[in-house]
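Going by the numbering used here, the sequence shown wraps up at 90, each residue one higher than the last.
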Amino acid sequence: MSSCVQMEIITPSELFYEGEIASLVCTTTNGEEGFLPGRLWCCKLLSDEGRVRVTEKDGTKRVARIRGGYVEIRDKFVVFSDEASWVKAE
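In structure tokens form, the structure reads like this:
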């Protein structure tokens with residue numbers, strides 16, 4: 001099992017983010033859910049308004065505000081959202 005995975009955040013207008021990450025936490029319709037490399041494949045609906053917290057390969061933490069969409073967890077992680085914007089990391 002790898003300790004990092006490729007990830008993308010895609011909006012209708014752009015590839016908002018692309019990088020190698022160690023972990024991902026998203027606000028789904030069931031609350032906050034975390035994902036690590038090697039996780040079983042799944043697809044989760046994102047809340048209408050929420051956040052995506054990413055810990056990058058080098059330990060840098062980034063937080064994006066998102067609006068709707070879903071996250072697909074497979075060999076790489078992909079967040080599809082109507083909107084995304086960076087906010088100050090918590």
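We put the beta carbon where it would ideally sit given N, CA and C, even for glycine.
Rounded to the nearest angstrom, how far is the Cβ of residue i from that of residue j, given a contact under 8 Å?
i	j	result
ARG39	ILE73	6 Å
CYS26	VAL79	7 Å
ARG67	GLU56	Between GLU56 and ARG67 the Cβ distance is about 23 Å, and since that is not below 8 Å, they are no contact.
Residue i and residue j: beta carbons closer than 9 Å?
i	j	result
GLY31	SER23	no
LYS61	ARG53	yes
GLN6	ASP58	no
Looking at the secondary structure, which residues open and close the beta strand (DSSP E) in which residue i lies?
i	result
SER23	14-28
ARG51	50-56
CYS42	42-45
THR11	5-11
Could you tell me if residue i is buried or exposed, where buried requires 16 or more neighbouring beta carbons within 10 angstroms of its beta carbon?
i	result
SER81	buried
PRO12	exposed
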